[in-house]
Amino acid sequence: MSELLVVPALLAYGEAALAYAGELRGPGLAGRLATWGVRLGWLAQTALLVGQATSADGFPWGTWAGALNLFVWLVVGAYLIWGCRPRYRLLGLAVMPVAAFLLALAWAGGGTGLDQGDDSGLVLAIHVGLMLAGFASLTLSAGMAGLYVWQERRLKRHVRRVLRVRVPPLDALDRLAARGVLAGLGLLALGIGAGAARFERGDVDAAMVVTLAILAVYATLLVLRHEGWRGRRAALLNLCGFALVAVVLPLTHFAQ
Amino acid sequence: MTRLILVGVSHHRAPIELRERVALDPERSAALAAHLGQEAVVLSTCNRTELYLARPDDAEELAVATLTDLAGDRAEELGAVLYRLSDEAAALHLFRVAAGLDSLVPGEGEILGQVRGAFEAGSTGPFLDRLFRQALHAGRRVRVETAIGESPASVPAAGAALAQQVFENLSGKRILLLGAGKMSELTARNLVSRGAQIGAVANRTLEHAQVLADSFGARALGLDELREELAIADVVVASTSSSEPILRKADVAAALRSRKGRPLLLVDLAVPRDLDPAINDLESCFLYDVDDLEAVVAETITGRRSEAARAEQLVASEGERFRRWQASLDVVPTIASLRALVEEIRDSELERAGSRLSETERKHVESVTSQIVAKLLHLPTIRMKEAAAAADGVVYADVVRHLFGLGEEERRV
Numbered sequence: 000m001s002e003l004l005v006v007p008a009l010l011a012y013g014e015a016a017l018a019y020a021g022e023l024r025g026p027g028l029a030g031r032l033a034t035w036g037v038r039l040g041w042l043a044q045t046a047l048l049v050g051q052a053t054s055a056d057g058f059p060w061g062t063w064a065g066a067l068n069l070f071v072w073l074v075v076g077a078y079l080i081w082g083c084r085p086r087y088r089l090l091g092l093a094v095m096p097v098a099a100f101l102l103a104l105a106w107a108g109g110g111t112g113l114d115q116g117d118d119s120g121l122v123l124a125i126h127v128g129l130m131l132a133g134f135a136s137l138t139l140s141a142g143m144a145g146l147y148v149w150q151e152r153r154l155k156r157h158v159r160r161v162l163r164v165r166v167p168p169l170d171a172l173d174r175l176a177a178r179g180v181l182a183g184l185g186l187l188a189l190g191i192g193a194g195a196a197r198f199e200r201g202d203v204d205a206a207m208v209v210t211l212a213i214l215a216v217y218a219t220l221l222v223l224r225h226e227g228w229r230g231r232r233a234a235l236l237n238l239c240g241f242a243l244v245a246v247v248l249p250l251t252h253f254a255q
Numbered sequence: 000m001t002r003l004i005l006v007g008v009s010h011h012r013a014p015i016e017l018r019e020r021v022a023l024d025p026e027r028s029a030a031l032a033a034h035l036g037q038e039a040v041v042l043s044t045c046n047r048t049e050l051y052l053a054r055p056d057d058a059e060e061l062a063v064a065t066l067t068d069l070a071g072d073r074a075e076e077l078g079a080v081l082y083r084l085s086d087e088a089a090a091l092h093l094f095r096v097a098a099g100l101d102s103l104v105p106g107e108g109e110i111l112g113q114v115r116g117a118f119e120a121g122s123t124g125p126f127l128d129r130l131f132r133q134a135l136h137a138g139r140r141v142r143v144e145t146a147i148g149e150s151p152a153s154v155p156a157a158g159a160a161l162a163q164q165v166f167e168n169l170s171g172k173r174i175l176l177l178g179a180g181k182m183s184e185l186t187a188r189n190l191v192s193r194g195a196q197i198g199a200v201a202n203r204t205l206e207h208a209q210v211l212a213d214s215f216g217a218r219a220l221g222l223d224e225l226r227e228e229l230a231i232a233d234v235v236v237a238s239t240s241s242s243e244p245i246l247r248k249a250d251v252a253a254a255l256r257s258r259k260g261r262p263l264l265l266v267d268l269a270v271p272r273d274l275d276p277a278i279n280d281l282e283s284c285f286l287y288d289v290d291d292l293e294a295v296v297a298e299t300i301t302g303r304r305s306e307a308a309r310a311e312q313l314v315a316s317e318g319e320r321f322r323r324w325q326a327s328l329d330v331v332p333t334i335a336s337l338r339a340l341v342e343e344i345r346d347s348e349l350e351r352a353g354s355r356l357s358e359t360e361r362k363h364v365e366s367v368t369s370q371i372v373a374k375l376l377h378l379p380t381i382r383m384k385e386a387a388a389a390a391d392g393v394v395y396a397d398v399v400r401h402l403f404g405l406g407e408e409e410r411r412v
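One line per chain: the protein sequences are A and B, in this order.
Number 51 in numbering that gives the first Met the number 0 belongs to position 52 of the first sequence; there are no gaps in the numbering.
Number 208 in numbering that gives the first Met the number 0 belongs to position 209 of the second sequence; there are no gaps in the numbering.
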């Protein structure tokens with residue numbers, strides 16, 4: 000029965016995605032409805048995950064669809080930290096449509112069902128959990144980088160409506176995106192460390208190489224930022240790193 | 000029945016010469032309200048002076064006479080510009096005023112504090128207390144539920160609002176003023192009010208720069224000493240009378256090397272422009288000239304007007320709520336009389352039965368009869384209040400008075 004919790008979660012995320020589009024016209028009711036959609040959807044998804052965790056024999060999110068389910072929950076949960084503030088609502092326009100789409104994909108792929116799981120052990124569960132949390136952090140960071148590029152362009156072009164749509168200040172977006180990268184890197188490093196415990200010679204595959212490339216790109220971003228690469232250039236590099244996370248990594252991972 | 004009377008003059012029809020004659024400072028407003036007695040509130044701002052009176056008698060002439068006294072030798076002009084509103088219309092007007100919808104710039108925020116001040120200094124009773132509390136609620140609701148007060152309505156405020164689009168917190172952000180003109184000073188004051196600090200004032204004439212710099216606790220510079228300050232400033236505000244640009248792209252580009260990517264907002268209020276437009280092409284530099292700022296202001300004022308339509312709906316709903324409350328006052332005496340009659344009957348019957356009942360039984364019967372009375376009277380009370388809101392209240396009240404013989408005892412006496 001609790002498997003059906005995916006339906007209210009999906010509906011609430013979908014409602015939030017639509018309502019955030021309404022927030023573009025100006026702050027008000029649409030933004031508040033969107034925030035409540037995110038909150039209620041996340042609670043429903045949390046209940047679903049709890050149901051999965053209690054009914055499964057092993058780690059319930061070991062499949063690609065299950066991992067996607069957990070990933071969406073992490074992204075939305077992290078977004079809720081900022082998303083409830085009126086000025087950060089527009090970030091939801093970047094996050095919630097993606098979250099709704101990915102949750103629907105996870106559902107279609109059977110990642111939201113009960114009584115599924117594999118007995119790969121605790122180490123794998125920790126490895127997957129940390130890697131997903133790291134990617135969730137990088138996803139949010141990319142959302143902020145995208146918002147930075149959009150708002151910077153509006154300010155540069157002297158868009159007349161620049162003050163009518165609530166967007167976080169450029170300074171804050173830049174700083175939070177960097178923090179997201181830092182947190183993501185830390186989680187990825189821990190996840191890789193946990194995975195290394197089960198690593199054997201000859202296990203190297205394309206996904207591992209891409210993951211290390213992702214680590215290198217984001218580490219470079221942090222170093223360059225320290226040297227003065229802030230603002231637009233940092234945001235663009237962040238988006239390049241995210242392209243690796245969102246496109247190349249799944250392709251290499253699931254092609255195996 | 001208590002009637003609400005509003006008599007006033009405002010910027011819509013009265014010229015400033017007349018408005019300043021009837022304008023009162025907070026102390027004199029409070030004194031006048033006390034002089035007018037229960038219940039009176041005097042709301043006096045630079046745009047309006049209004050008297051709100053709630054009395055059982057017709058207080059309109061008293062209010063007009065008071066304003067005429069204040070106008071003194073310009074009293075003759077008053078008749079043509081004076082407005083008189085009563086009851087629901089007067090309440091709705093106050094709600095619009097509190098929401099900033101009657102202001103020169105729709106949604107300006109200062110008026111809500113002025114309404115609160117007038118209320119606190121007024122000579123209020125239950126009627127005006129309810130009216131002004133609801134007006135303050137309406138004003139707050141409009142500001143929370145619409146974006147009417149969020150956008151800047153002037154060029155200096157737009158400059159400050161743009162700075163808040165770039166920097167998370169203006170607290171401690173350093174401002175460089177180029178020129179000691181009025182516009183740059185206004186913009187600087189707007190930024191300072193949001194937490195920024197003036198780092199330096201640069202001017203061709205150092206003495207002029209020194210005067211303005213002293214007022215902000217900043218340092219004064221000549222226009223040839225900008226390079227060092229450009230490296231550490233966060234916002235540059237320019238308004239000199241120079242016919243040539245003061246800062247060129249190369250000057251700013253040179254300063255950017257030591258800024259480590261920190262953004263720089265440049266606001267050029269001068270005509271001819273002080274800042275080379277090509278500066279906007281530099282990374283992390285955002286240059287706005289006076290035309291850009293005026294376009295932003297025009298757009299935000301348009302936005303305020305569209306938000307004003309939503310605000311009007313909110314105010315209208317508050318007006319309707321007040322009308323219902325005021326109408327319910329028509330039936331309140333009847334409801335009170337009916338309850339008193341029923342309670343009197345209950346008490347006398349309990350007293351008659353008292354000797355036949357033990358203490359426990361008496362308490363039990365008291366409790367039961369009290370509940371019966373409350374349940375019996377609940378629906379008629381609700382229905383009478385509903386009827387009052389629909390303008391049938393007096394008819395219903397008369398019927399109830401007739402059926403239960405309310406007031407007949409008093410008439411017989």
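Each residue gets a CB set at the ideal place from its N, CA and C atoms; glycine is no exception.
Computed from a prediction, not measured in an experiment: that's the story for all the values here.
The DSSP-derived three-state label of L23(A) is coil.
For F166(B), there is no enclosing beta strand (DSSP E), as DSSP marks it with neither H nor E. Only residues of its own chain outside the window of five on either side were considered, and among them P151 have a CB closer than 6 Å to the CB of A160(B), listed in chain order.
Q370(B) is classed as exposed because its beta carbon has fewer than 16 other beta carbons within 10 Å across all chains shown. Out of D280(B), D275(B), L5(B) and R345(B), the CA that lies nearest to the CA of E87(B) is found in L5(B). Closer than 8 Å at the C-beta level to chain A, one finds these residues of the stretch 274-297 of chain B: N279, E282, S283, F285, Y287, D291, A294, V295 and A297. According to DSSP, G7(B) shares a beta bridge with E49(B) and Y82(B). S43(B) is bridged by DSSP to T48(B). Counting C-beta atoms within 10 angstroms of its own C-beta, M130(A) has 16 or more neighbours from the protein chains shown and is therefore classed as buried. Taking a Cβ-Cβ threshold of 8 Å, the residues of chain A close to S150(B) are L162 and R163, in chain order. Residue state for S242(B) is assigned as coil, using DSSP reduced to three classes. Spanning the alpha carbons of G171(B) and A232(B) requires a straight line of approximately 11 Å. Inter-residue distance for R156(A) and V246(A) is about 31 Å (C-alpha atoms, whole angstroms).
Assignment of I147(B) by DSSP, reduced to helix, strand and coil, places it in the coil class. For P168(A), the C-beta contacts it makes with chain B under 7 Å involve Q163, Q164, V165, F166 and E167, in order along the chain. Here C284(B) carries a strand assignment [DSSP, helix/strand/coil].
Bridge partners of A199(B) according to DSSP: L175(B) and R218(B). If the five residues before and after L263(B) are omitted, its C-beta is found closer than 6 Å to the C-beta atoms of C284, all from its own chain and listed in chain order.
Using a CB distance cut-off of 8 Å, P262(B) counts as an interface residue toward chain A.
Within 10 angstroms of the beta-carbon of D329(B) lie 16 or more other beta-carbons, which makes it buried. Against chain A, the beta carbon of K259(B) has neighbours under 8 Å at E226, G227 and R229, listed in chain order. The residues T251, in chain order, have a CB closer than 6 Å to that of A205(A) in the same chain once the five nearest residues on each side in sequence are set aside.
By the Cβ rule, the stretch 27-45 of chain B counts as touching the stretch 114-126 of chain B, because three or more pairs are nearer than 8 Å. In the DSSP annotation of this structure, the continuous segment of the beta strand (DSSP E) that includes L263(B) starts and ends at L263 to D267. Inter-residue distance for A99(A) and Y12(A) is about 5 Å (C-alpha atoms, whole angstroms).
Contact annotation: in the stretch 186-204 of chain B, no residue has its CB less than 7 Å from a CB in chain A. When the Cα atoms are used, E14(A) and A29(A) turn out to be separated by approximately 10 Å. The beta-carbon distance between V266(B) and R95(B), rounded to whole angstroms, is 34 Å. This is too long to meet the 8 Å contact definition. Excluding residues up to 5 positions away in sequence, R224 lie with their Cβ nearer than 6 Å to the Cβ of A233(A) in the same chain.
Checking the DSSP bridge columns, you'll see R142(B) has no partner listed.
Under the 8 Å criterion on CB atoms, A160(B) is classed as interfacial with respect to chain A. Note on geometry: alpha-carbon atoms of A144(A) and N237(A) lie some 7 Å from one another.
For V330(B), there is no enclosing beta strand (DSSP E), as DSSP marks it with neither H nor E. The criterion of a C-beta distance shorter than 8 Å is not satisfied by V364(B) and L375(B). Using a C-beta cut-off of 8 Å, the stretch 225-240 of chain B makes contact with the stretch 195-209 of chain B, since at least three inter-stretch Cβ pairs fall below that distance. In summary, I147(B) is buried, with 16 or more beta-carbon neighbours lying within 10 Å of its beta-carbon over all protein chains present.
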